[in-house]
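For reference, the structure is listed below as structure tokens.
Number of protein chains: 2
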Amino acid sequence: MRSKPATIKEIAQLLNISVSTVSRALHDHPSIGLTTRQKVKKLAGELNYEPNQTAIFLQQGRTLTIGVILPDLSESFFSSAISAIEDSAYKRNYTVLLAQSHDDEQKEKQLVEKMKNHRVDGLLVSVSKNTSSYQHFENLKQYNIPIVFFDRIPAMQNIHYVACNMEIGTIEAVSYLLKKGHRSIGMINGPGTLFASGERKEGYIKAMIKNRLKFDPSLIVTCDLTEAGTQQALNELLASKRKPTAVVTFNDYVALFAIKHATDLKLRINQDLEFVSYANLPLINYMESIPSASVEQFPYLQGQKAADILLDLLAQKHQGVAEQTAYYKIIIESQLIENRGTTDIKGK
Amino acid sequence: MRSKPATIKEIAQLLNISVSTVSRALHDHPSIGLTTRQKVKKLAGELNYEPNQTAIFLQQGRTLTIGVILPDLSESFFSSAISAIEDSAYKRNYTVLLAQSHDDEQKEKQLVEKMKNHRVDGLLVSVSKNTSSYQHFENLKQYNIPIVFFDRIPAMQNIHYVACNMEIGTIEAVSYLLKKGHRSIGMINGPGTLFASGERKEGYIKAMIKNRLKFDPSLIVTCDLTEAGTQQALNELLASKRKPTAVVTFNDYVALFAIKHATDLKLRINQDLEFVSYANLPLINYMESIPSASVEQFPYLQGQKAADILLDLLAQKHQGVAEQTAYYKIIIESQLIENRGTTDIKGK
DNA sequence: TAAAAACGGACAAACGTTTGCGCATAATTA
DNA sequence: TAATTATGCGCAAACGTTTGTCCGTTTTTA
Numbered sequence: 349m350r351s352k353p354a355t356i357k358e359i360a361q362l363l364n365i366s367v368s369t370v371s372r373a374l375h376d377h378p379s380i381g382l383t384t385r386q387k388v389k390k391l392a393g394e395l396n397y398e399p400n401q402t403a404i405f406l407q408q409g410r411t412l413t414i415g416v417i418l419p420d421l422s423e424s425f426f427s428s429a430i431s432a433i434e435d436s437a438y439k440r441n442y443t444v445l446l447a448q449s450h451d452d453e454q455k456e457k458q459l460v461e462k463m464k465n466h467r468v469d470g471l472l473v474s475v476s477k478n479t480s481s482y483q484h485f486e487n488l489k490q491y492n493i494p495i496v497f498f499d500r501i502p503a504m505q506n507i508h509y510v511a512c513n514m515e516i517g518t519i520e521a522v523s524y525l526l527k528k529g530h531r532s533i534g535m536i537n538g539p540g541t542l543f544a545s546g547e548r549k550e551g552y553i554k555a556m557i558k559n560r561l562k563f564d565p566s567l568i569v570t571c572d573l574t575e576a577g578t579q580q581a582l583n584e585l586l587a588s589k590r591k592p593t594a595v596v597t598f599n600d601y602v603a604l605f606a607i608k609h610a611t612d613l614k615l616r617i618n619q620d621l622e623f624v625s626y627a628n629l630p631l632i633n634y635m636e637s638i639p640s641a642s643v644e645q646f647p648y649l650q651g652q653k654a655a656d657i658l659l660d661l662l663a664q665k666h667q668g669v670a671e672q673t674a675y676y677k678i679i680i681e682s683q684l685i686e687n688r689g690t691t692d693i694k695g696k
Numbered sequence: 349m350r351s352k353p354a355t356i357k358e359i360a361q362l363l364n365i366s367v368s369t370v371s372r373a374l375h376d377h378p379s380i381g382l383t384t385r386q387k388v389k390k391l392a393g394e395l396n397y398e399p400n401q402t403a404i405f406l407q408q409g410r411t412l413t414i415g416v417i418l419p420d421l422s423e424s425f426f427s428s429a430i431s432a433i434e435d436s437a438y439k440r441n442y443t444v445l446l447a448q449s450h451d452d453e454q455k456e457k458q459l460v461e462k463m464k465n466h467r468v469d470g471l472l473v474s475v476s477k478n479t480s481s482y483q484h485f486e487n488l489k490q491y492n493i494p495i496v497f498f499d500r501i502p503a504m505q506n507i508h509y510v511a512c513n514m515e516i517g518t519i520e521a522v523s524y525l526l527k528k529g530h531r532s533i534g535m536i537n538g539p540g541t542l543f544a545s546g547e548r549k550e551g552y553i554k555a556m557i558k559n560r561l562k563f564d565p566s567l568i569v570t571c572d573l574t575e576a577g578t579q580q581a582l583n584e585l586l587a588s589k590r591k592p593t594a595v596v597t598f599n600d601y602v603a604l605f606a607i608k609h610a611t612d613l614k615l616r617i618n619q620d621l622e623f624v625s626y627a628n629l630p631l632i633n634y635m636e637s638i639p640s641a642s643v644e645q646f647p648y649l650q651g652q653k654a655a656d657i658l659l660d661l662l663a664q665k666h667q668g669v670a671e672q673t674a675y676y677k678i679i680i681e682s683q684l685i686e687n688r689g690t691t692d693i694k695g696k
């Protein structure tokens, strides 16, 4: 039996009935008699019949498939997110078409095209770091293919998105350190060009205001996120007049570089110098010297929300609900989590 | 312009020519005159025409899509692999349809069905831990849909696979420890039911033989891979007559549990008790107390190889090469890697 | 200048479904 | 018993392509 899969047509021929009857019989359409229905189902079973989705897709104009484009699958943050997305999609009988942009604008554009050609019903996107023009996304809207952005949001009007606001978490982080008695708190921030850096800086300043403290700009230094850059940034902080006793780092990688460097400088981690970071790495629980707390961004949750929104939009569209005019703009509040707990850092 | 995407049919109507002409013009078929060709392309451009892949799929009987089924996307090993798979697929103009089984045999079966319905051209599978029957895979072969398994291989005849042999790496690991002067080396192995445990044990024994040493079975203990189980296993080893000075652990999680426990017992890691493990975790480079060496399984490479094999098979099939009778069985040799190096542990 | 070849394009089938409509036959009603 | 309504099923169009075959012009060749 090394044949092509059975078709409805073959069943019809073998039973000497029409294809439409077979189709209806398989769908339990009321206008088909019990006997024929049973005959059809029996034969379908024997022939191991499986409907050809590609045909159905063409016929129905929908593919029950959502496209997912994100920068890098091997990044822990994104693999958590995609895992959530797949789970959500599966529950609602959708399938996931996956692609990674590797932070390449050109590739991202090609992928959008490809997804369009594949006629995905909708798209989930975390935009490439290097994307400057958003025309390829705009184009898609013309075709009535909904997009939901998550985590990395483009500067566009009228879009659906799910993102995590770092400000609250940052305020919590700084307040946490203040409460622990620190009076001089440094921040190793990312490049000023990044939106994420802005959020962190804002959070820092607001925490100071909230606690009625003076903001000292020299306590926020930026780095290029490399190990060398981090070392330099930490050196800068430690050389500062108001030498900080605690540091908030842009992300876990920076934190680990900084911790390593601090250890080399014979500083006792979280005693001489306390660290708080933003969670990207899943394993922080396993390490010895880690930030005493982390601002969690809930990748699993973000992916889940984004997928659910998209699937809702698709369901509405399929039910012929009028054109959307409102846009989902979900902000997940980041949250400070003290480490060494039993907290599930995946945010599941 | 909130219309459906343009079709070849519309172009034909607007230009008062036949659809076949339009199709051929767009494909630069020689039998179409230059002028019409240009007219067609011009209009296609203006209408933002994009071929409807679902229609092409139906027509051609192939989808340029490969399905990937693996246990859990958020596992670092698998996210590396899927990243490689997507990269390989992209290069050869294929797209990836993704699903995770969560180690659930039933779900895995459903996913295979789903993939079949979606008419993926081929399948890449890392089988669920709990899968006992492989009938769903056998079925697929009937339909001439090639499958390549990777990492977790089912006990089936006549399959293509890519796997990593742990034996060599284990021999290297034990030999490495012997060479460093250890005379009593323990192993915290996984459950005996796991194939992977067998490989490790075999490797251990072979290393002993190779080094003309006597094998002491009491130095290999098994655990259930939980933290508690690991602690117990380590206690067992430490209480043994020939108290080991080095331990090979089943995987990084076990290693970390064991290291934590050893630290609690006031043992100095890699001095009083040296650890060697199998790499699953990407961050081992960042941690303080880590195994001094790891047996690397190269997830990225495995994914890449598996994808390449599948794509080769598909290319052959498409070119009408006769039915395959030979099977790819690629074994990637695991390799011991000393930590704290600059080695890229992703295996990229 | 007539026959042959080359050119440019149209027709229609096919891929596997779903679904609106129409049409017999059988069952119900009056 | 005649008129009406169910019941059960077939016909054919449609989704958007590709591609084998055929046919009418034009160009080339002899």
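Line by line, the protein sequences give chains A and B. Take the first sequence: its position 24, counted from the start at 1, is 372 in the numbering used here, and no numbers get skipped. Take the second sequence: its position 277, counted from the start at 1, is 625 in the numbering used here, and no numbers get skipped. For each residue, glycine too, the CB sits at the ideal point set by N, CA and C.
- In the DSSP assignment, B:Glu-486 falls within the unbroken alpha helix (DSSP H) covering 483-490.
- Residues of the same chain with a CB within less than 7 Å of the CB of B:Leu-362, apart from the 5 flanking positions on each side, are Leu-391 in chain order.
- Taking all protein chains shown into account, A:Phe-563 has fewer than 16 neighbouring C-beta atoms within 10 Å of its C-beta and is therefore exposed.
- Within chain B, Tyr-491 have C-beta atoms less than 7 Å from the C-beta of A:Pro-353, given in sequence order.
- In the structure shown, the three-state DSSP call for B:Met-504 is coil.
- Closest in C-alpha terms to B:Gln-483, from the list B:Ala-503, B:Phe-498, B:Leu-472, B:Asn-465, comes B:Ala-503.
- Judged by DSSP secondary structure, B:Ala-373 falls within the alpha helix (DSSP H) whose first and last residues are 367-374.
- The DSSP-derived three-state label of A:Tyr-626 is strand.
- Note on geometry: alpha-carbon atoms of A:Ala-354 and A:Gly-393 lie some 10 Å from one another.
- Taking a contact as a CB-CB distance under 8 Å, the pair B:Gly-651 and B:Ile-430 counts as one, their CB atoms being some 6 Å apart.
- Judged by DSSP in its simplified three-state form, A:Ile-638 adopts coil rather than helix or strand.
- One finds Ser-431 in chain B with Cβ atoms closer than 8 Å to the Cβ of A:Asp-420, taken in chain order.
- In the DSSP annotation of this structure, the continuous segment of the beta strand (DSSP E) that includes A:Ile-533 starts and ends at 533-537.
- Every unbroken stretch of the beta strand (DSSP E) spanning 3 or more residues and falling wholly within the segment 405-486 of chain B is given here in chain order: 413-418, 443-448, 470-473.
- A:Leu-525 is outside the set of residues whose beta carbon lies under 8 Å from a beta carbon in chain B.
- Counted as a single uninterrupted DSSP element, the alpha helix (DSSP H) harbouring A:Thr-383 occupies residues 382-394.
- B:Lys-677: member of the beta strand (DSSP E) spanning 677-681, first to last residue.
- In the same chain as A:Thr-384, and ignoring 5 residues on each side of it, the C-beta atoms closer than 7 Å to its own belong to Ile-365, Thr-369, Ala-373, in chain order.
- In the same chain as B:Val-596, and ignoring 5 residues on each side of it, the C-beta atoms closer than 6 Å to its own belong to Ala-521, Met-535, Val-624, in chain order.
- By the Cβ rule, the segment 597-614 of chain A counts as touching the segment 573-586 of chain A, because three or more pairs are nearer than 8 Å.
- Taken through DSSP and simplified to helix, strand or coil, A:Ala-606 comes out as helix.
- Taking B:Ser-640 as reference, the option from B:Ser-424, B:Leu-658, B:Ala-594, B:Ala-674 with the minimal CA-CA separation is B:Ala-594.
- Membership of A:Ile-568 in the beta strand (DSSP E) is indicated by the continuous run 568-570.
- Cβ contact annotation for B:Ile-617 (same chain, cutoff 7 Å, sequence separation greater than five): Ile-607, Ala-610, Thr-611, Phe-623, Ser-637, in chain order.
- Exclusion of the five residues before and after B:Leu-615 leaves Leu-621 as the residues of its chain whose Cβ lies within less than 6 Å of its Cβ.
- In the three-state reduction of the DSSP assignment, A:Asn-400 falls in the coil class, being assigned neither a helical nor a strand state.
- B:Val-444 is positioned such that its CB atom lies no closer than 8 Å to that of A:Leu-472.
- Scanning chain A for C-beta atoms nearer than 9 Å to the C-beta of B:Ala-544 yields nothing, as the closest lies near 21 Å away.
- A:Phe-425 is outside the set of residues whose beta carbon lies under 8 Å from a beta carbon in chain B.
- B:Ser-428 is the residue among B:Ser-428, B:Lys-677, B:Tyr-397 whose C-alpha sits nearest the C-alpha of B:Gln-645.
- Annotation: the continuous beta strand (DSSP E) that includes A:Thr-597 extends over 594-597.
- A direct Cα-Cα distance of roughly 54 Å separates B:Gln-579 from A:Lys-665.
- Neighbours of A:Ser-436 across chain B, judged by C-beta separation under 7 Å, do not exist; the nearest C-beta is about 12 Å away.
- Here DSSP, grouped into helix, strand and coil, assigns B:Val-522 to helix.
- At least one CB atom of chain B sits nearer than 8 Å to the CB of A:Gln-401.
- Excluding its 5 nearest sequence neighbours in each direction, A:Phe-405 has C-beta neighbours in its own chain below 6 Å: Thr-411, listed in chain order.
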